[in-house]
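In this note's numbering, the protein residues as written are 4 to 180.
Ideal Cβ placement from N, Cα and C applies to all residues, glycine included.
This structure is a prediction, so every number in the text was calculated from the model and none was measured.
Below is one structure, written out as structure tokens, with a few remarks after it.
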Ligand code: GNR
Ligand code: NI
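In structure tokens, the structure reads:
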């Protein structure tokens, strides 16, 4: 194995306002080395952030791939990598504060289903169905929304959304000085 096979890389996480975060991501038709590499890099990036989930568009790849680990690397069995995830069933409503690595330091209440059933492929191409509740259901909904170009701030009132977007525009200008 050479270095390229071994070394994972931390990728830059895009922030609100970047056009890639607003695009609909394309389905993955073949699980090749590029996709496996992307998944590895997303896992490292998610753990380093640290975050409980990450979607490919957040690292500027508009493909339908998500990673989730509610334990943030503490429990190897908690890691979920899903390709082309789809919510095929949802039930109930729960309101909780939600954050996003692409909208740093903003936490707002978002309504999500209490339970979801998600279908997709794992990294070996096997079809998987996962029943998720509460925090895990929320994480799936949050990540799948990213694949559809949606951020959690898009569920807020137009005024709140406007204020948040304005705040990040200002931040960008400060960085450029
Ligand atoms: O790390 C994250 N925490 C979080 C908390 C509540 C609801 C959703 C999330 S997902 C977020 C990581 C992220 O931005 N994934 O896209
Ligand atoms: Ni997010």
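With a CB to CB cut of under 6 Å and the five nearest residues on each side skipped, what residues in its chain are close to residue i?
i	result
residue 141	115
residue 143	119, 121, 135
residue 70	45, 46, 49, 57, 84
I need the straight-line Cα distance from residue i to residue j, nearest angstrom please.
i	j	result
residue 20	residue 152	11 Å
residue 72	residue 81	5 Å
residue 46	residue 91	25 Å
residue 161	residue 167	10 Å
residue 39	residue 14	15 Å
residue 36	residue 28	19 Å
residue 68	residue 61	11 Å
Can you name the start and end residues of the alpha helix (DSSP H) that residue i belongs to?
i	result
residue 108	Counting along the chain, residue 108 falls outside any alpha helix (DSSP H), and DSSP gives it neither H nor E.
residue 99	Per DSSP, residue 99 belongs to no alpha helix (DSSP H); it is in the beta strand (DSSP E), 97-101.
Under a three-way DSSP split, which group does residue i fall into?
i	result
residue 28	coil
residue 134	strand
residue 124	strand
Please go through the same chain and pick out, in chain order, the residues whose beta-carbon is closer than 8 Å to the beta-carbon of residue i, but skip the five residues on each side of it.
i	result
residue 7	Reliability of the predicted coordinates at residue 7 is poor, the pLDDT of 49 falling under 50, and the value obtained from them is presented with this limitation in mind. Nothing listed; no residue qualifies.
Given residue i, which residues of its chain have a CB within under 7 Å of its CB, disregarding the five upstream and five downstream residues?
i	result
residue 23	17, 60, 63, 65
Given 8 Å as the limit, is there contact between the region 102-114 and the region 153-167, that is, 3 or more CB pairs closer than that? yes
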